[in-house]
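Sequential numbering of the sequence shown, starting at 0, is according to numbering that gives the first Met the number 0.
Shown next, in structure tokens, is the structure this report addresses.
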Amino acid sequence: MTSLQTHLPCFSLEGPLRLTVAPNANTLLADQLFPPALYLAERLERGLLPVKHRAVVELGAGCALPSLLAALSPEPPALIVDYPDEIIIGNLKRNVESNQQHTSQGCQIKIMGYEWGMDASNLLQLLPDSSTGYEVIILADLLHFDGSHGALVKSVNLLLSKDPNAIYISTTLRSIEKAGRYATDRICKQFIKKAIKPGSMNVSGLDHQALNVRKRNCWVWIGRRVG
């Protein structure tokens with residue numbers, strides 16, 4: 000089964016990133032590239048997200064566009080994570096291999112399968128001994144899995160560094176007529192409530208950046224640890 004090929008021009012590259020999405024078979028929506036990933040990718044290209052010299056992990060990576068762009072920064076050890084499915088992980092590996100020439104020389108990219116809410120020791124073992132966790136966690140368009148919010152928040156809590164400057168970034172497609180009940184207001188508020196409840200994270204307000212028509216249809220949250 001062949002996968003859809005996508006070419007995305009990137010301002011900072013000599014040529015375009017070359018991406019494929021996983022075939023549409025038990026892929027948990029990994030078979031599409033959604034606007035929130037494009038929104039994060041543009042902000043990464045413009046240097047508006049702090050990934051330089053930081054340990055980055057992307058959960059539910061899909062085709063891993065944000066992670067691949069993060070890997071362009073000098074020395075960011077990037078970890079690309081998705082559900083432990085052979086089709087999804089295989090596609091992620093192909094995307095990394097296809098764009099290896101664009102990544103910074105000091106960047107180490109790892110790909111792992113991980114189920115939200117489970118033990119994260121294997122992911123944390125990839126970090127230096129002195130590290131307390133990942134300094135940037137990317138959650139691109141994951142909130143529509145509303146039954147998994149608790150597991151997702153647990154994973155963020157396990158993986159996020161104790162450094163006060165560590166952040167997790169969450170985006171989702173706004174609930175608009177064309178998207179149906181993709182990620183309603185209730186679903187977004189449910190996630191924020193679950194993220195605040197543990198008392199170890201704080202979530203900022205909504206950020207509506209009018210980058211273009213597609214990116215206007217995204218909601219964005221940036222969360223930090225408290226205390």
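Glycine included, each C-beta is placed from N, C-alpha and C at the ideal position.
DSSP state of residue i mapped onto helix, strand, coil
| i | result |
| --- | --- |
| V155 | helix |
| R45 | coil |
| D162 | coil |
| D145 | helix |
| G105 | coil |
| R93 | helix |
| S72 | coil |
Distance between beta carbons of residue j and residue i, contact taken as under 8 Å
| i | j | result |
| --- | --- | --- |
| S154 | L58 | 6 Å |
| L234 | I110 | Missing from the structure shown is residue 234; the chain here goes from 0 to 226 and no further. |
| L43 | A77 | Between A77 and L43 the Cβ distance is about 11 Å, and since that is not below 8 Å, they are no contact. |
| V50 | L122 | Not quite, the Cβ-Cβ distance comes to about 17 Å (not below 8 Å), so this is no contact. |
| G112 | D81 | 7 Å |
| H148 | Q189 | 6 Å |
From the options, residue whose alpha carbon lies closest to that of residue i
| i | options | result |
| --- | --- | --- |
| N164 | A54, R42 and Y38 | A54 |
| I86 | C106, L43, T19 and W220 | T19 |
| I108 | E114, W115, G116 and Q99 | Q99 |
| R45 | T131, G116, Q104 and L71 | L71 |
| R93 | I79, L158, C106 and G105 | I79 |
| C21 | P35, L48 and A60 | In the sequence on display, residue 21 carries Ala and not Cys. Out of P35, L48 and A60, A60 has the C-alpha closest to the C-alpha of A21. |
| I191 | L157, L158, S160 and L151 | L151 |
| L64 | L16, W220, I88 and G222 | L16 |
| N156 | T102, G89 and K193 | K193 |
Cβ-based burial, residue i [other Cβ within 10 Å; buried from 16]
| i | result |
| --- | --- |
| D118 | exposed |
| D128 | exposed |
| H52 | exposed |
| P83 | exposed |
| R224 | buried |
| T131 | exposed |
| S169 | buried |
| S160 | buried |
Residue i CB to nearest heavy atom of the ligand FMN below 7 Å
| i | result |
| --- | --- |
| D162 | As far as ligands go, the structure on display features none, and thus does not contain the ligand FMN. |
Inter-stretch contact (C-beta, 8 Å, three-pair minimum) for the region 121 to 139 and the region 35 to 53: yes
Touch test, the region 125 to 137 against the region 156 to 170, Cβ-Cβ under 8 Å, three pairs minimum: yes
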